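Colleague:
In our numbering, the protein residues as written are 5 to 113.
1) Residue 106: beta carbon under 7 Å from a heavy atom of the ligand ZN?
2) Would you mind reading off the limits of the beta strand (DSSP E) that contains residue 59?
3) Could you have a look at residue 109 and say whether DSSP puts it in helix, strand or coil?
4) Quick one: grab the DSSP three-state call for residue 28.
5) Roughly how many whole angstroms lie between the Cα atoms of residue 113 and residue 97?
6) Touching or not, the segment 9-18 and the segment 86-100, by the rule of three or more beta carbon pairs under 8 Å?
7) The beta strand (DSSP E) spanning residue 88 covers which residue range?
8) Are residue 77 and residue 22 touching if we call contact CB-CB under 8 Å?
9) Use the C-beta contact count for residue 14: other C-beta atoms within 10 angstroms, 16 or more gives buried, fewer gives exposed.
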């Protein structure tokens with residue numbers, strides 16, 4: 005699945021616009037991660053536990069968006085964007101979205 009942040013793809017012809025596709029993931033903080041984060045807050049530095057948690061949520065949201073696009077018959081997504089929001093004190097939602105399209109791939113050669 006080709007995913008692009010642009011609205012057009014160089015060297016590719018959009019044959020059909022399928023429409024809006026999205027995927028989301030909601031992740032909550034973990035007690036073990038909170039303890040490690042609290043300790044790191046005392047000495048400073050990157051909080052890898054939260055970084056890893058949010059990276060997993062982003063990948064999950066993208067995978068779900070791709071699955072929806074494929075189910076609708078798309079072979080590419082253009083105008084790809086991501087947003088996140090806190091939905092409660094200890095949970096965050098990541099949303100991946102874009103426009104599903106059918107594109108014609110250029111011939112190899």
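Every residue, glycine too, gets a C-beta built ideally from N, C-alpha and C. Predicted model only: the values in this text are computed from it and were never measured.
Modeller: Put simply:
1) This structure lacks the ligand ZN; in fact it carries no ligand of any kind.
2) Working through the chain shown from its first residue, we reach residue 59 at position 55. Bounds of any beta strand (DSSP E) do not take in residue 59; it lies within the alpha helix (DSSP H) bounded by 52-75.
3) Residue numbering aside, residue 109 sits at position 105 when the chain shown is read from its first letter. In the structure shown, residue 109 adopts coil according to DSSP, grouped into three states.
4) The residue you call residue 28 lines up with position 24 of the chain shown. Three-state result, residue 28: strand.
5) Indexing the chain shown from 1 puts residue 113 at position 109. Indexing the chain shown from 1 puts residue 97 at position 93. Caution is warranted here: a pLDDT of 41 is assigned to residue 113, below 50, making its placement in the model unreliable, and no coordinate value can be reported.
6) Contact fails: fewer than three Cβ-Cβ distances are below 8 Å.
7) For the purposes of this step, residue 88 is identified with residue 84 of the chain shown, where counting begins at 1. Residues 80-92.
8) Position 73 of the chain shown, counting from 1, holds the residue named residue 77. Position 18 of the chain shown, counting from 1, holds the residue named residue 22. Yes, the Cβ-Cβ distance between residue 77 and residue 22 is below 8 Å.
9) Here residue 14 refers to the residue found at position 10 when the chain shown is read from its first residue. Exposed is the call here.
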